[in-house]
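In what follows, a structure is listed as structure tokens, so that the remarks can point back to it.
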Amino acid sequence: MSPAPYIGDCPPRQREDWERTERASLMAGYRKSSAHCHEVDVIMVPLRIQVDTDLLLSTMDVEIFLEWEDPYLPEAESRVVLNASEVWVPEIVSVGLTDHVLSPTSVVGVLETMPGSRSVRSYHETELRGACSPHATGAWPHDQVHCAFLIQPSAGQFFNLSHDMSIADAIQLHKDIIARSPLERLSSWEVQLIDSKLFISSGILVEVVLRRLPAQLEAEVVHPLLAVSALVPASTALPPGSGQRPALLVVALLLHAVLLVSLPHFVGDLEGDATPRTRTCSRPQQAEMRRASREIEGETALNFVLAYRDFGALLVAVILLWLLSLRLASRTRPLSGWARATARSLSVLRTPLLLPAAASAPAPAPAPLPARRPPDGQSVELSEIIDRLTFLAVSASYLGLVITGLQ
């Protein structure tokens, strides 16, 4: 069978032959040993930051993109992927407690498709090590640690720092990673501020401020939880009608206290939404960061309003029930029909609520005296049940708030 005819002046070739020919023509005359690229654009995207238990060393998993123009690379008319051994790749060194050279983990050279371009882009994913300086450790809520990562070029190279990431996105990514389980939150540090800038020695200095979560959770969860745990047996042991009402108000105030304790956390989130310095960002990037910052501030303000609305409504409901309970406990006239039916149906809850047995109705005096009439026994019983039910409902709401915060 004769070969199929072809159209044009060029015979058909396999793709492998085309790539081999294109690569050979591309690399012809390329002097890798003489390729000296002075300016390298560096884009850094931090993925995860961890601090050792001694608070002196930190590690940062980071994606580093290098872009440079190689004047010795022939111009290309099509996109050709180069191996690391075929193209000059700049070396950058992480300067910390231990120095090491970053090594590529994948194909690092990609020649752009634009005709006449000698732009090369390499990708590194590595772990940087840096030194930390604890400050105000143990002084909640300013229990923080300051870490620094210094990236320097090799001899004869100069860096141009650039960002294609949002610092707020990097912080949110770090929060999402450490918030997967309560145990990770208790043993991790939360990024409060991250910033990177070009250093005097043409290196890149990445500064990170982290806040330790156990100190915050201790104030938000442990201390109020201990107070609630002490209130439950105390309200059970107190005589009927004497201890439940103050306990209700105390627990309701604790709900507001835990929100006030969380204020430094929310403020830290706003402060942590730092943006790179203006000289490292273009005008569209600055406008986008300002817009994102306004959205975050508006969302945080809305959360404040919703939280105060919910907890304020709960406190108002508790106070109204407290006043109702006081009114019932001092009531001398018998209850109405529907109120008596409600009291009888709720009286079965006295045992599950750990309330003492209802006192029997006092025997009528043989001779009426112009003294104050005793309170109605059924009203007092209903008052005690309302007290205990409200107390348990508020306690359950508080515990639900704590559990939700740990998720």
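Residue numbering for the sequence shown follows our numbering, starting at 1349 and increasing by one per position.
Glycine included, each C-beta is placed from N, C-alpha and C at the ideal position.
Owing to the predicted nature of the structure, the values given are computational and were not obtained by experimental measurement.
Give me the residue from the options with the minimum Cα distance to residue i.
i: L1669; options: L1498, A1689, F1739, R1688; result: F1739
i: M1408; options: V1393, E1415, V1468, L1414; result: V1393
i: F1497; options: S1684, Q1398, S1470; result: Q1398
i: S1470; options: P1722, W1416, S1727; result: W1416
i: A1677; options: I1734, P1722, W1686, V1728; result: V1728
i: D1735; options: R1688, D1724, S1481, A1665; result: A1665
i: S1673; options: S1731, S1481, P1723, R1721; result: S1731
i: V1556; options: I1412, S1481, F1506, S1467; result: S1481
i: L1558; options: A1479, R1675, I1412; result: A1479
i: Q1726; options: L1405, R1679, F1507; result: R1679
i: F1507; options: P1722, L1414, T1474, V1468; result: L1414
i: R1466; options: V1388, L1405, V1493, E1475; result: V1388
i: R1698; options: Q1492, I1733, C1495; result: I1733
i: R1721; options: P1682, S1406, R1396; result: P1682
i: Q1492; options: L1395, L1476, L1404; result: L1404
i: E1500; options: D1400, G1551, T1474, L1395; result: Per the sequence shown, the amino acid found at residue 1500 is Gln instead of Glu. The candidate whose alpha carbon is nearest that of Q1500 is G1551.
i: T1842; options: L1553, L1671, V1468, V1410; result: The chain is shown only over 1349 to 1755; residue 1842 falls outside these bounds and no answer can be derived.
i: R1675; options: R1477, I1391, P1723, L1395; result: P1723
Per DSSP, what kind of secondary structure is residue i in: helix, strand or coil?
i: P1722; result: coil
i: T1680; result: coil
i: L1674; result: helix
i: G1685; result: helix
i: P1587; result: No answer about P1587 holds up, because its pLDDT of 48 lies below 50 and its placement is not dependable.
i: R1692; result: helix
i: R1736; result: helix
i: T1623; result: Its pLDDT being 30, under 50, T1623 is placed unreliably by the model, and the measurement read from it follows with that caveat. Here T1623 sits in coil by DSSP.
i: L1531; result: For L1531, the predicted model reports a pLDDT of 42, less than 50, meaning its position is unreliable; a value from the coordinates is still stated below. Helix, per DSSP.
i: A1741; result: helix
Under DSSP, the beta strand (DSSP E) around residue i begins and ends at which residues?
i: R1396; result: 1387 to 1399
i: L1405; result: 1405 to 1417
i: L1498; result: 1492 to 1501
So does residue i have its beta carbon nearer than 7 angstroms to some heavy atom of the ligand SAM?
i: V1557; result: By its list of ligands, the structure shown contains no ligand whatsoever, and the ligand SAM lies outside what it can speak to.
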